[in-house]
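Below is one structure, written out as structure tokens; the observations come after it.
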Amino acid sequence: MANVNTFLKLWQAADAEGLSNLFAEDGVRVISSQQLPAVGRAAIRKTFEDTFAEGSPFAGATLTAKVHRVLPLSDTIVIGDGTWVLSDKAGAVVLKGKWGNAFRATGSELHLVMESAHADIDLSKDRSWYATAHRETPAPANYGNAEKLLGAFQRSADRYIAAVRMQSAGALAAEFTADGVRVVSSLPAASRGKAAIAKTARAEFAKGSPFEQATLGVTILGLRSLAPGILIGNGLWEAKGPDGGVVEFGQWGNVMKVQNDGEIKFIMESAGGYVGPEQSEAK
């Protein structure tokens with residue numbers, strides 16, 4: 002996938018300007034090392050500048066990535082997902098995770114409409130720092146050309162939240178299209194198709210998991226229609242345990258399809274927990 006290969010080359014060159022130009026002018030970047038999304042090329046360029054800056058834990062790091070699936074959704078919209086690894090100068094893995102992105106074809110080029118990339122999280126590690134971490138305040142939500150679909154998306158989000166509350170893997174999987182994919186930081190690999198999504202969700206709800214008896218909260222920050230019946234959305238999420246304490250929070254960036262009845266299903270969920278400096282300080 003040419004866009005991914007170019008992304009890797011520009012990363013190795015620490016070219017923040019070049020990387021930001023791989024995004025559409027109205028692109029959004031949703032990554033687990035940031036609490037909030039970067040919207041527009043200027044904000045996206047700033048995230049790369051911060052990454053490459055002296056003193057950054059990622060300065061001088063090597064990024065590799067694999068493409069696991071590419072799926073055209075229209076004549077101009079393509080989605081893809083895969084894995085990535087960030088290694089330090091000595092070759093030691095700093096972070097690794099998964100990505101699930103949406104692209105728009107412009108002539109012979111693909112531009113990122115939304116990058117949603119998240120580091121894998123070990124559910125067995127201490128999570129107490131999430132409850133005390135400083136939380137940044139997001140900008141007002143922007144529903145753009147998809148505002149008329151906000152109600153349908155909110156109903157989908159409410160059903161997903163209810164599935165988590167009921168610990169119903171089947172109900173959660175029902176919110177996906179038949180060929181939907183779930184790319185989340187709490188799982189070691191992407192789950193493809195409703196059966197696999199239900200199976201991995203049951204593991205997340207299992208006894209001893211931090212998400213056992215968890216409640217989920219979701220904030221919608223952005224929605225946008227990319228093609229007839231195809232939209233992207235991004236926002237924030239947090240999970241609380243039975244005692245009301247926060248066990249994890251982070252961002253999501255999803256691709257959705259409007260069904261014949263007007264309801265919305267996920268083609269791809271790409272979400273992950275925040276892995277900022279507070280996590281390292283808590284170790």
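Going by my numbering, the sequence shown opens with residue 2, and the numbers climb by one from there.
Think of the CB as a built atom: it goes at the ideal place given N, C-alpha and C, for glycine as much as any other residue.
Computed from a predicted model, the values in this text were never measured in an experiment.
DSSP three-state label for residue i, please.
{"i": "Leu-64", "result": "strand"}
{"i": "Glu-270", "result": "strand"}
{"i": "Ser-129", "result": "coil"}
{"i": "Ala-39", "result": "strand"}
{"i": "Gly-171", "result": "helix"}
{"i": "Glu-264", "result": "coil"}
{"i": "Arg-136", "result": "coil"}
{"i": "Asn-102", "result": "strand"}
{"i": "Ala-283", "result": "Its pLDDT being 47, under 50, Ala-283 is placed unreliably in this model, and the value from its coordinates should be taken loosely. Ala-283: helix per DSSP, three-state reduction."}
{"i": "Gln-13", "result": "helix"}
{"i": "Thr-7", "result": "helix"}
{"i": "Asp-82", "result": "strand"}
{"i": "Asn-22", "result": "coil"}
{"i": "Pro-54", "result": "Correcting the residue type first, residue 54 is Ala in the shown sequence and not Pro. In this structure, Ala-54 counts as coil in the three-state DSSP scheme."}
{"i": "Ser-88", "result": "strand"}
{"i": "Pro-229", "result": "coil"}
{"i": "Ser-33", "result": "coil"}
{"i": "Ser-192", "result": "strand"}
{"i": "Asp-244", "result": "coil"}
{"i": "Phe-177", "result": "strand"}
{"i": "Glu-213", "result": "coil"}
{"i": "Lys-208", "result": "coil"}
{"i": "Val-185", "result": "strand"}
{"i": "Val-276", "result": "coil"}
{"i": "Leu-124", "result": "coil"}
{"i": "Phe-59", "result": "coil"}
{"i": "Asp-159", "result": "helix"}
Kindly give me the distance between the Cβ atoms of residue i and residue j, rounded to whole angstroms, as I take these residues to be in contact under 8 angstroms.
{"i": "Ala-215", "j": "Val-248", "result": "6 angstroms"}
{"i": "Gly-101", "j": "Ser-117", "result": "5 angstroms"}
{"i": "Asp-121", "j": "Pro-211", "result": "14 angstroms between Cβ atoms; not a contact."}
{"i": "Val-79", "j": "Ala-106", "result": "7 angstroms"}
{"i": "Ala-179", "j": "His-112", "result": "Going by Cβ atoms, the distance from Ala-179 to His-112 rounds to 28 angstroms, so no, they are not a contact pair."}
{"i": "Val-259", "j": "Gly-230", "result": "4 angstroms"}
{"i": "Leu-1", "j": "Thr-48", "result": "In this structure the chain extends from 2 to 284, so residue 1 is not present and cannot be described."}
{"i": "His-119", "j": "Lys-97", "result": "About 10 angstroms; that fails the 8 angstroms criterion."}
{"i": "Arg-46", "j": "Ala-17", "result": "5 angstroms"}
Which residues does DSSP list as the beta-bridge partners of residue i?
{"i": "Asn-235", "result": "Gly-223, Gly-254"}
{"i": "Thr-107", "result": "Glu-110"}
{"i": "Gly-218", "result": "Glu-239"}
{"i": "Ser-117", "result": "Val-31"}
{"i": "Val-71", "result": "Gly-81"}
{"i": "Asn-143", "result": "Gly-223"}
{"i": "Lys-97", "result": "Val-86"}
{"i": "Val-259", "result": "Ile-265"}
{"i": "Glu-1", "result": "The structure shown does not extend to residue 1, since the chain is modelled only from 2 to 284, so the question has no answer here."}
Do residue i and residue j have their CB atoms nearer than 8 angstroms?
{"i": "Ala-54", "j": "Ala-60", "result": "yes"}
{"i": "Ser-33", "j": "Gly-251", "result": "yes"}
{"i": "Val-71", "j": "Ile-233", "result": "no"}
{"i": "Leu-224", "j": "Gly-273", "result": "no"}
{"i": "Leu-20", "j": "Ala-66", "result": "no"}
{"i": "Ala-207", "j": "Glu-213", "result": "yes"}
{"i": "Val-29", "j": "Asn-255", "result": "no"}
{"i": "Ala-132", "j": "Gly-246", "result": "yes"}
{"i": "Ala-153", "j": "Glu-264", "result": "yes"}
{"i": "Val-5", "j": "Asp-82", "result": "no"}
{"i": "Ser-187", "j": "Leu-124", "result": "yes"}
{"i": "Gln-36", "j": "Arg-136", "result": "yes"}
{"i": "Ala-103", "j": "Leu-227", "result": "yes"}
{"i": "Phe-177", "j": "Ile-198", "result": "yes"}
{"i": "Thr-52", "j": "His-69", "result": "no"}
Is any non-hydrogen atom of the ligand SAM found closer than 7 angstroms to the C-beta of residue i, if you look at the structure I gave you?
{"i": "His-112", "result": "Questions concerning the ligand SAM fall outside what the structure shown contains, since it holds no ligand whatsoever."}
- Message: Closer than 8 angstroms is the cut-off here; do at least three beta carbon pairs connect the stretch 193–203 with the stretch 218–230?
- Response: no
**Report entry** Three-pair Cβ contact test at 8 angstroms for the stretch 161–176 versus the stretch 142–152
**Finding:** no
_Contact between the stretch 256–270 and the stretch 63–82 is defined here as three or more beta-carbon pairs at a separation below 8 angstroms; is this criterion met?_
yes
### Message
With three or more C-beta pairs closer than 8 angstroms as the rule, is the stretch 35–49 touching the stretch 133–140?
### Response
Touching, per the Cβ criterion.
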